[in-house]
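Worksheet: the structure to be examined is printed underneath.
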Amino acid sequence: MSLPSLRLKANADRRLRNGHLWVYSNEIDVAATPLHGFKAGDQAILEAAGGKPLGIVAMSPNNLICARLLSRDIKLPLDKSLLVHRINVALSLRDRLFDKPFYRLVYGDSDLLPGLVVDRFGDILVVQIASATMEAHKEDVIAALTQVLKPSGILFKNDSAARDAEGLNRYVETVFGLVPEWVALEENGVKFEAPVIQGQKTGWFYDHRMNRARLAPYVKGKRVLDLYSYIGGWGVQAAAFGANEVFCVDASAFALDGVERNAALNGFAEKMTCIEGDVFEALKELKASEERFDVIVADPPAFIKRKKDMKNGEGAYRRLNEQAMRLLTKDGILVSASCSMHLPEDDLQNILLTSARHLDRNIQMLERGGQGPDHPVHPAIAETRYIKSITCRLLPNS
Numbered sequence: 001m002s003l004p005s006l007r008l009k010a011n012a013d014r015r016l017r018n019g020h021l022w023v024y025s026n027e028i029d030v031a032a033t034p035l036h037g038f039k040a041g042d043q044a045i046l047e048a049a050g051g052k053p054l055g056i057v058a059m060s061p062n063n064l065i066c067a068r069l070l071s072r073d074i075k076l077p078l079d080k081s082l083l084v085h086r087i088n089v090a091l092s093l094r095d096r097l098f099d100k101p102f103y104r105l106v107y108g109d110s111d112l113l114p115g116l117v118v119d120r121f122g123d124i125l126v127v128q129i130a131s132a133t134m135e136a137h138k139e140d141v142i143a144a145l146t147q148v149l150k151p152s153g154i155l156f157k158n159d160s161a162a163r164d165a166e167g168l169n170r171y172v173e174t175v176f177g178l179v180p181e182w183v184a185l186e187e188n189g190v191k192f193e194a195p196v197i198q199g200q201k202t203g204w205f206y207d208h209r210m211n212r213a214r215l216a217p218y219v220k221g222k223r224v225l226d227l228y229s230y231i232g233g234w235g236v237q238a239a240a241f242g243a244n245e246v247f248c249v250d251a252s253a254f255a256l257d258g259v260e261r262n263a264a265l266n267g268f269a270e271k272m273t274c275i276e277g278d279v280f281e282a283l284k285e286l287k288a289s290e291e292r293f294d295v296i297v298a299d300p301p302a303f304i305k306r307k308k309d310m311k312n313g314e315g316a317y318r319r320l321n322e323q324a325m326r327l328l329t330k331d332g333i334l335v336s337a338s339c340s341m342h343l344p345e346d347d348l349q350n351i352l353l354t355s356a357r358h359l360d361r362n363i364q365m366l367e368r369g370g371q372g373p374d375h376p377v378h379p380a381i382a383e384t385r386y387i388k389s390i391t392c393r394l395l396p397n398s
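Pasting the structure below:
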């Protein structure tokens, strides 16, 4: 394969040599290699200002991040062979971590496959493609996955907003074998079924697996409130870990049907109460009814999707956590989570401290958690670390 060159400005290669994988449009020597000479989905050989090759990149010429490094070896373009190799490397990590095949198999840049996410549900694979280059090689993706894993079904869940920036249409399609509406998985010894076709993202959120496991010592014999419950990842596990009573709140009737389905699957239906509606309104109603909980989990969707959302997003986290604290018993536990990449963990801690002091409560930070190791963090790319979870204890101010 003969690939065109993409030339960097002087010194623009320093960040890449230090481990980063992204190239910004203002780093390109557009006089030598104009960006309009490429189309989204192309591959190119990235060169330092002096012409030395640095590797092969996937092109997104109309975006600020105009290229992503695929390989530092110019003999290894993105094709089926490279995909098979990278998927095998990713699989070797997950096989080491988990004794059952339920995990995120491929996590984009961190697994050196930018624009590709694969979640594994036994012999069913759910794939998200977010780059034009990976989309151009989707048949290779299917071929590589079938060769390495021999699945019974592959679903392309390509309906995320990330595709818009690449000029890609959104679609959901079974591209190999058969994929049922609900697929089985197991997490922390608890059985679930996830709606991979109609559900959020890939149907399940493996990223909080380790944080959900940390619930176990706090919930036994307790009354638990799970906010933004989705299909019961936290709430059903709380019941499995010995909670006496679990309330799940979500705006989606479909999601709460999933809670009931998964509670019944584990024999905990009688422990669960589902509340459909806006979480903030539900919190107000629970407060008015003088309800109290021993443990509350607040794991909302991303309130800060872009940097310009910071002020409003931080305000939303503050309101959510403060309202949750008002419902805690005198020696209550709050698990406060965030999937907003732009919210630093220290900022979440400060929000919790400020909220507690506003309510005249003392607060102890007990545990901190991040995403599980099947979502490895690339140390040069802060954006690959997005999950934060803080377990804290609220006490009277005395």
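Each residue of the sequence shown is one higher than the one before, counting from 1 in full-length UniProt numbering. Note that the Cβ used here is the ideal one computed from N, Cα and C, for glycine as well.
The region 220–228 contacting the region 383–392, beta-carbon criterion three pairs below 8 angstroms: no
Sequence-distant residues of its chain with Cβ nearer than 8 angstroms to Ala298 (five each side left out): Walking along the sequence shown from the start, residue 298 turns up at place 298. The answer, listed in chain order, is Leu227, Tyr228, Leu320, Asn321, Ala324, Leu334, Val335, Ser336, Ala337.
Pair within 8 angstroms by beta-carbon distance, Arg212 and Gly189: In the sequence shown, the residue the question calls residue 212 occupies position 212. In the sequence shown, the residue the question calls residue 189 occupies position 189. Cβ distance not < 8 angstroms, so Arg212 and Gly189 don't count as in contact.
Anticipated Cβ contact below 8 angstroms, Lys9 with Asp29, distance rounded: The count along the sequence shown starts at 1 and reaches residue 9 at position 9. The count along the sequence shown starts at 1 and reaches residue 29 at position 29. At roughly 5 angstroms, the Cβ-Cβ gap stays under 8 angstroms, so Lys9 and Asp29 are in contact.
Nearest residue (CA-CA) to Gly153, options Phe241, Val183, Leu82, Ala40: Here residue 153 is taken as the residue at index 153 of the sequence shown, counted from 1. Per the Cα distances, Val183.
Boundaries (first-last residue) of the alpha helix (DSSP H) holding Val236: On the sequence shown, residue 236 is found 236 positions in, with the first residue counted as 1. First-last of the alpha helix (DSSP H) with Val236: 235–240.
Beta-carbon gap between Asp331 and Leu395 smaller than 8 angstroms: What you label residue 331 is simply residue 331 of the sequence shown in a count that begins at 1. What you label residue 395 is simply residue 395 of the sequence shown in a count that begins at 1. Their beta carbons are under 8 angstroms apart, which means Asp331 touches Leu395 by this criterion.
Same chain only: Cβ atoms within 6 angstroms of Gly199, ignoring 5 sequence neighbours per side: Within the sequence shown, the letter at position 199 stands for residue 199. If we look at Gly199 and ignore the five residues flanking it on each side, it has no Cβ neighbours.
Per DSSP, cross-strand counterpart(s) of Val246: Position 246 of the sequence shown, counted from the first residue, corresponds to residue 246. DSSP, once it has assigned bridges, lists Val224, Met272 as partnering Val246.
Cα-Cα separation between Ile351 and Tyr206, rounded to whole angstroms: Counting from 1 along the sequence shown, the entry for residue 351 is found at position 351. Counting from 1 along the sequence shown, the entry for residue 206 is found at position 206. For Ile351 and Tyr206, the distance between alpha carbons rounds to 25 angstroms.
Given Leu327 as reference, the closest of Leu225, Arg318, Arg214, Leu35 once Cα atoms are compared: Your numbering for residue 327 matches position 327 in the sequence shown. Minimum Cα distance to Leu327 is reached at Leu225.
Alpha-carbon to alpha-carbon, Asp123 and Phe241: Taking the sequence shown and counting its residues from 1, one reaches residue 241 at position 241. Taking the sequence shown and counting its residues from 1, one reaches residue 123 at position 123. The alpha-carbon atoms of Phe241 and Asp123 are separated by roughly 27 angstroms.
Nearest-angstrom Cβ-Cβ length linking Leu78 and Leu70, presumed shorter than 8 angstroms: As a position in the sequence shown, residue 78 is number 78, starting the count at 1. As a position in the sequence shown, residue 70 is number 70, starting the count at 1. That pair is a contact at about 5 angstroms.
Straight-line Cα distance separating Lys305 from Val89: Along the sequence shown, one-based indexing puts residue 89 at 89. Along the sequence shown, one-based indexing puts residue 305 at 305. The straight-line gap from Cα to Cα measures roughly 31 angstroms.
Whole runs of the alpha helix (DSSP H) within the region 66–112, excluding any shorter than 4 residues: 80–97
C-alpha gap between Pro114 and Arg68, whole angstroms: Position 114 of the sequence shown holds residue 114. Position 68 of the sequence shown holds residue 68. So the alpha carbons of these two residues sit roughly 7 angstroms apart.
Close Cβ partners of Ala162 (< 6 angstroms) along its chain, the five nearest in sequence each way excluded: Here the question's residue 162 lines up with position 162 in the sequence shown. Within the same chain, Ala162 has close Cβ partners Ala130.
Cut-off 7 angstroms between Cβ atoms - residues of its own chain near Ile74, not counting five sequence neighbours on either side: If you number the sequence shown from 1, residue 74 lands on position 74. The residues are Ile45, Pro53, Gly55, Ile56.
Residue of Leu116, Asp109, Leu125 minimising C-alpha distance to Tyr103: Within the sequence shown, residue 103 is the residue found at index 103, counting from 1. Here the closest residue by C-alpha is Leu125.
Ile296 versus Ala238 - alpha carbon distance: Along the sequence shown, one-based indexing puts residue 296 at 296. Along the sequence shown, one-based indexing puts residue 238 at 238. Each residue's alpha carbon lies about 10 angstroms from the other.
8 angstroms Cβ cutoff met for Ser252 and Ala302: Walking along the sequence shown from the start, residue 252 turns up at place 252. Walking along the sequence shown from the start, residue 302 turns up at place 302. No, the Cβ-Cβ distance between Ser252 and Ala302 is not below 8 angstroms.
Identity of the residue in Arg393, Ile87, Arg94 nearest Leu215 by Cα: One-based indexing of the sequence shown puts residue 215 at position 215. Answer by Cα proximity: Arg393.
Span of the beta strand (DSSP E) around Lys201: Numbered from its first residue, the sequence shown carries residue 201 at position 201. Premise fails: Lys201 is in no beta strand (DSSP E) and is neither H nor E.
Of the listed residues Ser92, Ser2, Leu3, Asn26, nearest to Ala12 (C-alpha basis): Within the sequence shown, the letter at position 12 stands for residue 12. Nearest option by C-alpha distance: Asn26.
Chain-order list of residues whose beta-carbon lies under 7 angstroms from that of Gly369 (same chain, five-residue window excluded): Indexing the sequence shown from 1 puts residue 369 at position 369. Only Met210, Asn211, Arg214, Ser389 meet the Cβ criterion.
Cβ-Cβ separation, Val106 to residue 400 (assumed contact under 8 angstroms), whole Å: Because the chain in this structure spans residues 1 to 398, residue 400 falls outside the shown range and cannot be described.
Candidates Lys157, Ala165, Asp164, Thr133: closest to Tyr171 by CA position: Position 171 of the sequence shown holds residue 171. The residue with the shortest Cα to Cα distance from Tyr171 is Lys157.
Buried versus exposed call for Ser398 [16 or more other C-beta atoms within 10 Å across all chains shown]: As a first step, residue 398 is located in the sequence shown; it is residue number 398 there, counting from the start. So Ser398 counts as exposed.
Segment limits, alpha helix (DSSP H) that includes Gln323: Within the sequence shown, the letter at position 323 stands for residue 323. From DSSP, the alpha helix (DSSP H) with Gln323 extends over 310–325.
Phe121 vs Leu185 beta-carbon contact at 8 angstroms: In the sequence shown, residue 121 corresponds to position 121, counting from 1. In the sequence shown, residue 185 corresponds to position 185, counting from 1. In contact: Phe121 and Leu185 (Cβ atoms closer than 8 angstroms).
Option nearest Glu345 by Cα separation, candidates Leu286, Glu367, Arg357, Asp360: The sequence position of residue 345 within the sequence shown is 345, counting from 1. Here the closest residue by C-alpha is Glu367.
Closest residue to Ala40 among Val118, Lys80, Glu135 (Cα-Cα distance): In the sequence shown, counting from the first residue as 1, residue 40 sits at position 40. For Ala40, the nearest C-alpha among the options comes from Glu135.
Ser355, buried or exposed, once every other Cβ within 10 Å from all chains shown has been counted against 16: Along the sequence shown, read from residue 1 onward, the residue named residue 355 stands at position 355. Ser355 comes out buried.
7 angstroms Cβ shell around Ala48 - same chain, five flanking residues per side excluded: Taking the sequence shown and counting its residues from 1, one reaches residue 48 at position 48. If we look at Ala48 and ignore the five residues flanking it on each side, its Cβ neighbours are Leu8, Asp13, Leu54.
Pro379, DSSP secondary structure in three states: Against the sequence shown, residue 379 aligns to sequence position 379. If DSSP states are grouped into helix, strand and coil, Pro379 belongs with coil.
Distance between Phe38 and Pro61 (C-alpha atoms, nearest Å): As a first step, residue 61 is located in the sequence shown; it is residue number 61 there, counting from the start. As a first step, residue 38 is located in the sequence shown; it is residue number 38 there, counting from the start. Going by the C-alpha atoms only, they are around 6 angstroms apart.
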